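Worksheet for the structure shown next.
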Amino acid sequence: MQFLLCALSVLSLFSTIYAHEEDVHTAKYDTDNFSDELAKNNHFVMFYAPWCGHCQSLAPTWEQLAEMLNEDNSNLKIAKVDCMKDSKVCSDQEITSYPTLKFYKLGDSKGIRFAGTRDLPSLTTFIRGQLREDEEDIEEVTGPQPVDGLVELTEETFDSYVESGKHFIKFYAPWCGHCQKLAPTWVQLAKSLELEDVSIGKVDCTQHRTVCNNFEVDKYQGGRSHEDLKSYVNKMLGAGKEEQKEEEHGDDTPSPVLELTGETFQGGIQSGYTFVKFYAPWCGHCKRLAPTWDSLGKKFLDRPDVSIVKVDCTLEANKRLCNDEEVEGFPTIYLYKNGQRVSEYSGSRSLDDMYDFINKHMVHEEL
119 MQFLLCALSV LSLFSTIYAH EEDVHTAKYD TDNFSDELAK NNHFVMFYAP
169 WCGHCQSLAP TWEQLAEMLN EDNSNLKIAK VDCMKDSKVC SDQEITSYPT
219 LKFYKLGDSK GIRFAGTRDL PSLTTFIRGQ LREDEEDIEE VTGPQPVDGL
269 VELTEETFDS YVESGKHFIK FYAPWCGHCQ KLAPTWVQLA KSLELEDVSI
319 GKVDCTQHRT VCNNFEVDKY QGGRSHEDLK SYVNKMLGAG KEEQKEEEHG
369 DDTPSPVLEL TGETFQGGIQ SGYTFVKFYA PWCGHCKRLA PTWDSLGKKF
419 LDRPDVSIVK VDCTLEANKR LCNDEEVEGF PTIYLYKNGQ RVSEYSGSRS
469 LDDMYDFINK HMVHEEL
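Here it is in structure tokens:
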């Protein structure tokens with residue numbers, strides 16, 4: 119396989135964690151006490167949904183973390199919020215996927231998102247970094263640690279590190295002239311995004327050939343200034359200004375989008391192609407997508423073999439459906455053919471890209 123050098127790739131792995139068994143040590147917060155509790159202590163909070171598989175997997179680890187740290191005189195509290203019961207808290211905190219973990223320093227109401235691997239060593243390392251002090255009750259852990267926001271990855275640490283969260287990785291060679299020119303800008307980018315929901319990393323391909331050979335890297339074709347790179351990251355995170363400013367409908371035409379429930383879902387997807395958006399009404403990304411989703415439905419109004427559908431996962435009648443369909447973040451978009459899921463859509467949420475995605479699948483099936 120050709121050796122790939124000086125290439126950039128965004129690895130967006132939106133996985134979240136939690137498991138929700140009997141919580142003895144974990145503090146439970148809701149709309150009534152969330153803000154008050156944040157004003158009393160440092161906090162590490164898990165935002166979750168009971169039906170979320172990743173949340174269920176994380177539960178024992180989160181409870182173990184709480185058992186270690188939730189003591190009477192501790193300067194940190196491990197807590198959780200059920201977003202299905204307390205959607206206002208989760209909406210205010212801009213939670214769009216489960217689980218989402220956020221660290222709040224005393225009195226802070228915005229928090230810092232955790233984007234690393236959700237195991238006990240990684241969680242305790244993150245806490246140590248946020249507290250900026252050595253805690254005797256937090257064991258030493260191993261793993262790549264960011265320096266001014268920049269993480270250096272190796273063959274041993276790459277897979278586990280990018281397993282979760284969002285990552286912008288530079289694959290380089292020390293002798294590469296373009297890489298040398300990019301180096302100070304890459305450091306600047308890492309510092310400027312240190313508190314954002316993305317990690318900036320690098321891999322030396324002369325030392326870690328396995329990663330660079332085996333990992334499929336698409337070369338980054340854009341500008342390499344700090345401004346260009348930061349703009350690219352924001353766009354990939356769904357924060358691009360162009361994608362945030364979709365126009366509202368200006369007429370009273372009914373939405374050409376079919377809304378299905380747990381009872382009607384199977385019948386509604388049995389025939390032809392069905393493009394389904396699983397969403398939560400309070401989700402910011404879902405709100406921005408809504409007018410585009412309606413426009414997509416209009417484009418297929420004359421196509422009886424294509425249905426554009428939405429499912430509200432916060433409704434009690436739909437929670438089992440969303441769990442069965444492995445919905446772990448909002449919005450989640452799947453394409454079904456004759457009742458069978460054939461693909462998950464993870465591309466741009468622009469009207470043209472989603473329209474082309476459906477048509478390409480239909481053409482491919484016809485060949």
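Just so you know, the sequence shown maps onto residues 119 to 485 in our numbering. Note that beta-carbon positions come from the ideal geometry of N, C-alpha and C, so glycine has one too. Because the structure is a prediction, the values reported are computed rather than measured.
Inset, instruction - Taking all protein chains shown into account, decide if V481 is buried (16 or more other Cβ within 10 angstroms of its Cβ) or exposed. - result: To locate residue 481, count along the sequence shown from 1; it is residue 363. Exposed.
Inset, instruction - In the DSSP assignment, find the alpha helix (DSSP H) that holds V305 and state where it starts and stops. - result: Counted from its first residue, the sequence shown places residue 305 at position 187. For V305, the uninterrupted alpha helix (DSSP H) run begins and ends at 295 to 310, by DSSP.
Legend entry - Range covered by the alpha helix (DSSP H) that runs through G385: Working through the sequence shown from its first residue, we reach residue 385 at position 267. 383 to 386 is the span of the alpha helix (DSSP H), which, as asked, contains G385.
Legend entry - Neighbourhood of E254 by C-beta distance below 6 Å, restricted to the same chain and skipping five residues each side: What you label residue 254 is simply residue 136 of the sequence shown in a count that begins at 1. Any reading at E254 must be qualified, since the residue scores a pLDDT of 43, below 50, and its modelled position is unreliable; no value is offered.
Legend entry - One or two residues paired with H447 in a DSSP bridge: In the sequence shown, residue 447 corresponds to position 329, counting from 1. One point to set straight first is that residue 447 is Gly, not His, in the sequence displayed. DSSP, once it has assigned bridges, lists S215 as partnering G447.
Inset, instruction - Please confirm if V460 has its CB atom under 8 Å from at least one CB of chain B. - result: Absent here is chain B; the protein component of the structure consists of one chain.
Inset, instruction - Buried or exposed for I256, please, with buried defined as at least 16 other CB atoms from any protein chain shown within 10 angstroms of its CB. - result: Counting from one through the sequence shown, the residue named residue 256 turns up at place 138. Only weak support is given to the placement of I256: the predicted model assigns it a pLDDT of 46, under 50, and the question is left unresolved by the model.
Inset, instruction - For F232, I'd like the list of residues in its chain whose CB is within less than 6 Å of its CB, leaving aside the five on either flank, ordered along the chain. - result: Working through the sequence shown from its first residue, we reach residue 232 at position 114. Excluding residues within five positions, the ones whose Cβ falls inside 6 Å are L219, F244.
Inset, instruction - Would you mind sorting L224 into buried or exposed? The rule is 16 or more other CB atoms within 10 Å of its CB. - result: Against the sequence shown, residue 224 aligns to sequence position 106. Burial call: exposed.
Inset, instruction - Compare the Cα-Cα distances from V490 to each of N188, F165, N159, D148 and report the closest residue. - result: Given that the chain is displayed from residue 119 to residue 485, the structure contains no residue 490 and the question cannot be resolved.
Inset, instruction - Run the CB neighbour count on E435, radius 10 Å, all protein chains shown included, and call it buried at 16 or more, exposed below. - result: Walking along the sequence shown from the start, residue 435 turns up at place 317. It should be noted that the sequence gives Ala, not Glu, for residue 435. By the neighbour-count definition (other C-beta atoms within 10 Å, threshold 16), A435 is an exposed residue.
Inset, instruction - To the nearest angstrom, report how far apart D470 and T379 are at their CA atoms. - result: Taking the sequence shown and counting its residues from 1, one reaches residue 470 at position 352. Taking the sequence shown and counting its residues from 1, one reaches residue 379 at position 261. Their Cα atoms are separated by approximately 27 Å.
Inset, instruction - Determine the DSSP secondary structure at S466, reduced to helix, strand or coil. - result: The residue you call residue 466 lines up with position 348 of the sequence shown. Coil.
Legend entry - Bridge partners - Y391, DSSP secondary structure assignment: As a working mapping, residue 391 is identified with position 273 in the sequence shown. Secondary-structure assignment with DSSP links Y391 through a beta bridge to V424, K455.
Legend entry - Rounded C-alpha distance that separates S466 from N191: Here residue 466 refers to the residue found at position 348 when the sequence shown is read from its first residue. Here residue 191 refers to the residue found at position 73 when the sequence shown is read from its first residue. Cα to Cα, the separation comes out at about 47 Å.
Inset, instruction - Could you tell me the distance, in whole angstroms, from the CA atom of C294 to the CA atom of T272? - result: For the purposes of this step, residue 294 is taken as residue 176 along the sequence shown, with counting starting at 1. For the purposes of this step, residue 272 is taken as residue 154 along the sequence shown, with counting starting at 1. Cα to Cα, C294 sits roughly 18 Å from T272.
Inset, instruction - For T275, count neighbouring C-beta atoms within 10 Å of its own C-beta (all shown protein chains included) and say buried if the count is 16 or more, exposed if not. - result: Taking the first residue of the sequence shown as 1, we reach residue 275 at position 157. Classification for T275: buried.
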